[in-house]
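**Q** Under mature numbering (1 follows the signal peptide of the UniProt record, and there is no 0), the letters of the sequence shown match residues -28 to -1, 1 to 295, in that order.
Could you have a look at this structure, given as structure tokens, before my questions?
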Amino acid sequence: MSLSLNPTSFSFFLFSLYFLSLPVGTSSLPVVGITYTHDPRHDHDHTPPSHVASTLHSLKLSAVRLPESDPSVVRDFSYSNISLLLNIPNSLIPAIASNRSNALRWLYHHVIPFYPRSKVSTISVGNDILDTSSDLADFLLPAIRNVHLGLRDLGIQKISVSTTFSFINIMTTSFPPSAAEFQEPVSELLIKPLLQFLDDTNSSFLINLYPYNVYRLNSEIPIGFALFQQHPFNYRDDLTTGVRYRNLFDMMVDSVISAMAVAGHESIPVIVTETGWPSSGDASEIDASPAYAEMYINGLVTHLSSGSWYTAAERGGGGDLHI
């Protein structure tokens, strides 16, 4: 059976299995997963949800992100041994923050009927709330805590809880990575308390990372540097750490690690929940093209599978990172 990889249904993400741990100084190939979204309007054109899990399993994919957390799709991953990252919609955050019973209601509908047959490993409470509504910021941490406590009430210890941020909305800079910090006031009010929670609960920091956004904002970055193209001048040196970066992706990942170190939590694992390159744009976005999108994904997968990727932790930065 063929699997239709419609760009609106599937995209790559880099998944960190929270229970993995590597000693500093070692390396391992990252787990590359996909994001799957189900649109019933297109079921006649694409693989039906009931067949997606078996198809992905046959492709030896071991991680899937489900933004809608459709219970029927979660159920279909039973006994697949594929790790699932579920998402709670932004719209539910205030209600879940106000009362733990609302968190339990969501868990009873989306997790409890299927777990542990479906291998849910992480729940993201919201996605990029700073981009959609600053009004949700005050509710986020209470909502995360209520979901975490709800899981504990149910005797579930192996599902971690976090939230997903966008790189462009929380970082001060991507270069040099050693100078990167989280933006204020969101750092002091939201990110630092979240990092403490993640540290206390052995959970991961989730980040959407799109090099295209940084490339668009910085005219000095060559397109090849953002697309993993090999060229003698496609590099940037961090003079503080002495690290030479040959692609923008690595530079952005290390910026996140450096910012976490500044905040005092450099040992928290990082999950890159979304990455990619836009394939369509208006007349002013000539670099948002299918050709460049394909080039980015191919370059990323080749880079990660080659063993040439590395992290601040492996350079002695003091933490494990599995992307």
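C-beta atoms are modelled at their ideal positions from N, C-alpha and C, and glycine is treated no differently.
Predicted model, so just to flag it, every value in this text is computed and none were measured.
(1) Mark F205 as exposed unless 16 or more other C-beta atoms lie within 10 angstroms of its C-beta, in which case mark it buried.
(2) Please go through the segment 130 to 184 and give each complete alpha helix (DSSP H) segment of 4 or more residues, from N-terminal end onward.
(3) With I195 as the anchor, note down where its alpha helix (DSSP H) starts and where it stops.
(4) Name the one or two DSSP bridge partners that R216 has.
(5) Under 8 Å, do A166 and L126 count as touching if we go by C-beta distance?
(6) Since I believe I60 is in contact with V97 (beta carbons under 8 Å), could you give me their beta-carbon distance rounded to a whole number of angstroms?
(7) Please determine if the segment 177 to 192 and the segment 115 to 124 are in contact, where contact requires at least 3 C-beta pairs separated by less than 8 Å.
(8) In chain order, what residues of the same chain have a beta carbon less than 7 Å from the beta carbon of D171, not counting five sequence neighbours either side?
(9) Between P39 and H29, what straight-line distance do the alpha-carbon atoms span, to the nearest angstrom?
(10) I'd like the list of long-range same chain contacts for F221, defined as Cβ closer than 6 Å, with 5 residues on each side in sequence excluded.
(11) Quick one: Cα of T214 to Cα of P157, how far?
(12) Is I128 near Y87, with beta carbons less than 8 Å apart?
(13) With distances taken between CB atoms, is the gap from S44 to H82 smaller than 8 Å?
(14) Excluding the 5 residues flanking L57 on each side, which residues of the same chain have their C-beta closer than 6 Å to its C-beta?
(15) Note down, in chain order, each residue of its chain lying with its Cβ closer than 7 Å to the Cβ of S261, except the 5 sequence neighbours on either side.
(16) My output table needs one value for A75: the three-state DSSP class, helix, strand or coil.
(17) Given that a residue counts as buried once 16 or more other Cβ atoms are within 10 Å of its Cβ, and exposed if not, what is S277?
(18) Taking 8 Å as the threshold (C-beta atoms), are L108 and I116 in contact?
(19) Following a CB-centred definition, is F197 positioned closer than 7 Å to any heavy atom of the ligand NAD?
(20) Name the two residues that bound the continuous beta strand (DSSP E) containing N59.
(21) Taking Cβ to Cβ, would you say I163 is nearer than 8 Å to F111?
(22) Is the beta carbon of S227 closer than 8 Å to that of S146?
(23) Going straight from the alpha carbon of P(-6) to that of S256, what length do you get?
(24) Tell me the residue span of the alpha helix (DSSP H) that contains S70.
(25) Are the CB atoms of S90 and V133 within a distance shorter than 8 Å?
(26) Run the CB neighbour count on N71, radius 10 Å, all protein chains shown included, and call it buried at 16 or more, exposed below.
(27) Measuring only the C-alpha atoms, how far is T212 from F49?
(28) Quick check on I258: buried or exposed, where buried means 16 or more other Cβ atoms within 10 Å of its Cβ?
(29) DSSP state of L33, grouped into three classes?
**A** In short:
(1) exposed
(2) 139 to 142, 164 to 173
(3) 195 to 198
(4) D209
(5) At residue 166 the sequence reads Leu, which differs from the Ala that was named. Against a cut-off of 8 Å, the Cβ pair of L126 and L166 comes out as no contact.
(6) 5 Å
(7) no
(8) H237, I240
(9) 19 Å
(10) P183
(11) For clarity, residue 214 is Gly in the given sequence; the question names Thr instead. Cα to Cα, G214 sits roughly 30 Å from P157.
(12) yes
(13) no
(14) R37, T94
(15) S251
(16) helix
(17) exposed
(18) no
(19) For the ligand NAD, the structure offers nothing, since it holds no ligand at all.
(20) 55 to 60
(21) no
(22) yes
(23) Since pLDDT at P(-6) reaches only 32, below the 50 mark, its modelled position is unreliable, and no value is offered.
(24) 65 to 70
(25) no
(26) exposed
(27) 46 Å
(28) exposed
(29) coil
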